[in-house]
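Protein chains in written order, with our numbering: chain A, 19 to 144; chain B, 2 to 82.
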C-alpha cells in the first residue's frame with residue numbers, strides 16, 4: 019500500500035493534459051508525397067526501384083517508361099507501409115504502381131500499358 | 002478466398018448492366034484479371050472506370066485480393082471494334 023500521505027499527483031487539474039498525439043491535420047508523410055507529386059513532371063510510385071522492381075506490375079510500368087526514353091522520378095513504397103496508405107488516400111487508387119504526370123494520376127499498370135500500346139503515353143509525357 | 006466466379010458476380014451485381022470476364026491467372030485465389038464492359042463507363046475516363054470497379058471491393062484490393070488487373074470498355078466501343 020502506498021502511504022496515505024502520498025503527494026497529490028503533479029500537474030493534476032491545474033495543468034492542461036499532456037499534449038495530445040499529433041492531430042489529423044499534421045501528416046508529414048502525406049505532405050511529403052503531395053510535394054513530390056507536384057515537384058516532378060513524371061513520378062512513379064512503385065514496389066522496388068527501376069533497377070530492381072519488386073513486382074511484375076511495377077516492372078512492366080517501368081519498362082514502358084524506359085521504352086519511351088521518358089525521364090521519371092521513382093519512389094519505392096515498400097520501406098514504409100504508411101507511404102502506400104497515404105498515397106492511396108491522396109490518389110483514391112488502391113494499387114501500386116501509380117504513375118503521376120503533371121500532378122495528376124495517369125493510372126496504374128493496366129492503364130499505363132494500354133496507353134503505351136496506343137501511343138497515348140508518349141503524348142501524355144510530352 | 003474469392004473465386005473468379007465470385008469476382009465476376011460481384012462486379013456484375015454492383016455495376017448496372019456490367020458484363021465481366023474474370024480469370025484467376027495464378028490459380029491462387031488472389032490474383033485476378035478482369036475485363037469489364039458497362040454502359041455506366043460511358044463518358045468516364047479510364048481512371049474513373051477502373052475506380053468504379055475497384056470500389057466494388059474496397060479494402061479487399063491490396064488485402065485478400067492482391068491484384069485485380071483491369072480492362073474496361075463501354076458497350077458502344079465494343080460494337081465499333
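For every residue, glycine included, the Cβ atom is placed at its ideal position computed from N, Cα and C.
Cβ of residue i within 8 Å of Cβ of residue j?
i, j, result
"residue 48/B", "residue 125/A", "yes"
"residue 128/A", "residue 71/B", "yes"
"residue 4/B", "residue 30/B", "yes"
"residue 65/A", "residue 96/A", "yes"
"residue 52/A", "residue 114/A", "no"
Measure the alpha-carbon distance for residue i versus residue j and round it to whole angstroms.
i, j, result
"residue 59/B", "residue 110/A", "11 Å"
"residue 103/A", "residue 63/B", "11 Å"
"residue 67/A", "residue 94/A", "6 Å"
"residue 35/B", "residue 72/A", "23 Å"
"residue 68/B", "residue 43/A", "31 Å"
"residue 14/B", "residue 106/A", "25 Å"
"residue 87/A", "residue 121/A", "20 Å"
"residue 43/B", "residue 75/B", "6 Å"
"residue 83/B", "residue 70/A", "The structure shown does not extend to residue 83/B, since chain B is modelled only from 2 to 82, so the question has no answer here."
"residue 54/B", "residue 112/A", "11 Å"
Would you mind reading off the limits of the alpha helix (DSSP H) that contains residue i?
i, result
"residue 53/A", "46 to 57"
"residue 90/A", "Where residue 90/A is concerned, there is no enclosing alpha helix (DSSP H), given that its DSSP letter is neither H nor E."
"residue 135/A", "127 to 136"
"residue 101/A", "99 to 109"
"residue 57/B", "47 to 58"
"residue 73/B", "Careful: residue 73/B lies outside any alpha helix (DSSP H), inside the beta strand (DSSP E) at 68 to 74."
In chain order, what residues of the same chain have a beta carbon less than 8 Å from the beta carbon of residue i, not counting five sequence neighbours either side?
i, result
"residue 17/B", "39, 40 and 41"
"residue 45/A", "104"
"residue 54/A", "61, 91 and 93"
"residue 84/A", "68"
Under 8 Å by Cβ, that's how I've got residue i and residue j pegged, so tell me the actual separation to the nearest angstrom.
i, j, result
"residue 61/A", "residue 118/A", "5 Å"
Taking the beta strand (DSSP E) that residue i falls in, what are its first and last residues?
i, result
"residue 7/B", "Where residue 7/B is concerned, there is no enclosing beta strand (DSSP E), although the alpha helix (DSSP H) it sits in stretches over 5 to 15."
"residue 37/B", "32 to 38"
"residue 21/B", "20 to 25"
For residue i, which residues in the same chain have their Cβ closer than 6 Å to its Cβ, ignoring the five residues on either side in sequence?
i, result
"residue 101/A", "95"
"residue 134/A", "82"
"residue 21/B", "9, 12, 13, 35 and 37"
"residue 130/A", "79, 82 and 117"
So, at 7 Å on beta carbons, what are the nonlocal neighbours of residue i in its own chain, with the 5 sequence-adjacent residues on each side left out?
i, result
"residue 140/A", "86"
"residue 138/A", "none"
Which residues of chain D have a Cβ atom closer than 8 Å to the Cβ of residue i, listed in chain order?
i, result
"residue 8/B", "Absent from the structure is chain D; the protein chains it does hold are A and B."
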